[in-house]
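Listed in order, the protein sequences are those of chains A and B.
In case it helps, this note's numbering puts the first sequence at residues 7 to 153.
In case it helps, this note's numbering puts the second sequence at residues 7 to 153.
See structure below.
Number of protein chains: 2
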Amino acid sequence: MVRVIPSTAKHAHRDSHDLTERLRAAGLRPTRQRIALAGLLFDQGDRHLTAEDLHSEAARAGVKVSLATIYNTLHQFTESGMLKQVAVDAHRSYFDTNTGSHQHFYCEDDGALIDIPGEAIAVSGLPMPPKGMDVERVDVVVRIRKR
Amino acid sequence: MVRVIPSTAKHAHRDSHDLTERLRAAGLRPTRQRIALAGLLFDQGDRHLTAEDLHSEAARAGVKVSLATIYNTLHQFTESGMLKQVAVDAHRSYFDTNTGSHQHFYCEDDGALIDIPGEAIAVSGLPMPPKGMDVERVDVVVRIRKR
DNA sequence: CTCTTATTTAGAATGCTTCTAATCTGATTG
DNA sequence: CAATCAGATTAGAAGCATTCTAAATAAGAG
C-alpha cells in the first residue's frame, strides 16, 4: 500500500516561500519563528487572537517560540501593516489578520469578535479633526450581549 | 472686618446633599470616600480620566482614599450608569463622566480624548446582531495623530 | 448605644506586557 | 565554507495596572 504524501506538504512548501517573501518585503528577516507564526496567522482566513492565543497555538503546532517573541512578532507585523490591533475592552487586546477596512461586533459575554464588512457600514457627520491632526482610522465597535 | 463665607461653601453643601441623594438612588451608601470622589468627578463638566488620574486628584484635594477604593468606586459608578468606560487602546482605560450618547476623537500621540456630540455623528448600515443578541451600544473612535 | 452589614484599607497576588543581557542565527564577505 | 556581525530569540526579571484578601472601620437600623 502506497502512502500518499498529503497535499498540505506541497502547500506548506509554497506557503513558506510566499511567507518568506512577504517577510522580506516588510524588512523582516524570515526566521524560523516568524515564518511559523506567519503561517499560523495567515493560513486560515480572518482571525482575531491575543498574544496568549497565538502562543498556545504555536505550542500545539509543535513550534517552540517564547512569549517575548510572540509579542515582538505581533508588534512588528502590526507596524508593517500585516496585522491590525483592535482595542475593544480594557481587558482584551486582539490582533486582527484582516487589515482591510472593516468593523466589529463585540460580544461582551464571551469576548468574541465578529467582522462587519467595511462596505456594509458608513459613518457620517464626523467633525473635522483638531487643527494639525489627521484622521488615521475610524473604528466602530458594536457591543452586543445575550438577550 | 467680617470674613465672608465663600460661596463655594454653600455650593459644597448643596452639592454634597445632591451627591448623597444620587448615591442613595444608585443603591450606594453615601460614604465620605464616595461623596468626595463623586464631587471630584461630577463637579466640573465632562471628563475622561483613569483610575490613577482620579487617585492623584483625590490626593491633591486632600482626600485620603486607597487605590482599591478608587477602583471599586469607578466600577460601582459605571454599573449604576453614572460613568461610562471607554476602551480606546490596549494601554489606556478611561472613565467618562459624560454618560450620554456621544463618540470620541482619540489622539494616538498623547492619549487625549475629545468628545464628539452624539447628534453630530451617525452610523448607518449596521447589520443585524447575531440571533439572540441585543445591541448594547455602538462606539465610534476616530483615531487622529499630529500631521 | 449596639448590632449588623457594607465599606474601606494595606498589602499581597495576579496577569499581561515589556525589558535585559546573554545566546543564537541568518546573511554577507573573503 | 569559515569568519563575522547585526539582527533575532530567549529565559527570566521587572513593571504596571488591576484585583483579591482579610482585617479594621463606619453607616444605618433598631
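Using N, Cα and C, we set each Cβ at its ideal position, and we do this for glycine too.
Does DSSP put His-17/A in a helix, in a strand, or in coil? Translated into the one-based positions of the first sequence, residue 17/A becomes position 11. Per-residue confidence for His-17/A stands at a pLDDT of 45, beneath the threshold of 50, marking its modelled position as unreliable; no derived number is given.
Below 8 angstroms on the Cβ atoms is my contact criterion, and I expect Asp-121/B with Asp-52/B to pass it. Report the Cβ-Cβ distance as a whole number of Å. Residue mapping note: residue 121/B aligns to position 115 of the second sequence, counting from 1. Residue mapping note: residue 52/B aligns to position 46 of the second sequence, counting from 1. Asp-121/B to Asp-52/B, Cβ: 6 angstroms. Contact.
Alpha-carbon to alpha-carbon, Leu-132/B and Gln-50/A: Indexing the first sequence from 1 puts residue 50/A at position 44. Indexing the second sequence from 1 puts residue 132/B at position 126. Each residue's alpha carbon lies about 26 angstroms from the other.
What first and last residue would you give for the alpha helix (DSSP H) that runs through His-81/B? Reading the second sequence from its first residue, position 75 is the one you call residue 81/B. If you look at His-81/B, you'll find it in the alpha helix (DSSP H) that goes 73 to 85.
When burial is assigned at 16 or more other CB atoms within 10 Å of the CB, is Val-147/B buried or exposed? The count along the second sequence starts at 1 and reaches residue 147/B at position 141. With 16 or more neighbouring CB atoms inside 10 Å of its own CB, Val-147/B falls in the buried class.
From Pro-36/B to Arg-30/B, what does the alpha carbon distance come to, in whole angstroms? Numbered from its first residue, the second sequence carries residue 36/B at position 30. Numbered from its first residue, the second sequence carries residue 30/B at position 24. A straight line joining the alpha-carbon of Pro-36/B with that of Arg-30/B spans about 7 angstroms.
Helix, strand or coil for Arg-153/A, going by three-state DSSP, please let me know. Mapped onto the first sequence, residue 153/A falls at position 147. Reduced to three states, the DSSP call for Arg-153/A is coil.
With the cut-off set at 8 angstroms, would you say Gly-87/A and Gln-109/A are in Cβ contact? Residue mapping note: residue 87/A aligns to position 81 of the first sequence, counting from 1. Residue mapping note: residue 109/A aligns to position 103 of the first sequence, counting from 1. Gln-109/A sits away from Gly-87/A, with the two beta carbons spaced by 8 angstroms or more.
I'd like the list of long-range same chain contacts for Gln-82/B, defined as Cβ closer than 7 angstroms, with 5 residues on each side in sequence excluded. Here residue 82/B refers to the residue found at position 76 of the second sequence. If the five residues before and after Gln-82/B are omitted, its C-beta is found closer than 7 angstroms to the C-beta atoms of Leu-34, all from its own chain and listed in chain order.
Three Cβ pairs or more, each shorter than 8 angstroms: is that satisfied between the region 92 to 100 of chain A and the region 67 to 81 of chain A? No, they do not touch.
Are any of the Cβ atoms in chain B nearer than 8 angstroms to that of Gly-124/A? Start at 1 with the first residue of the first sequence, and residue 124/A comes out as number 118. So, not an interface residue.
List the endpoints of the continuous alpha helix (DSSP H) containing Gln-50/B. Translated into positions along the second sequence, residue 50/B becomes position 44. Element bounds for Gln-50/B: n/a, residue is neither H nor E.
Round the Cβ separation of Leu-73/A and Gly-45/A to the nearest angstrom and send it over; I've been treating them as touching at under 8 angstroms. Translated into the one-based positions of the first sequence, residue 73/A becomes position 67. Translated into the one-based positions of the first sequence, residue 45/A becomes position 39. Taking C-beta atoms under 8 angstroms as the contact rule, Leu-73/A and Gly-45/A fail to qualify, at a distance of about 18 angstroms.
Is there a C-beta anywhere in chain B that falls below 8 angstroms from the one on Arg-174/A? Since the displayed chain A opens at 7 and closes at 153, residue 174/A lies outside it and no answer follows.
Determine whether the beta carbon atoms of Arg-151/A and Arg-143/B lie at a separation below 8 angstroms. Start at 1 with the first residue of the first sequence, and residue 151/A comes out as number 145. Start at 1 with the first residue of the second sequence, and residue 143/B comes out as number 137. Not a contact, by the Cβ cut-off of 8 angstroms.
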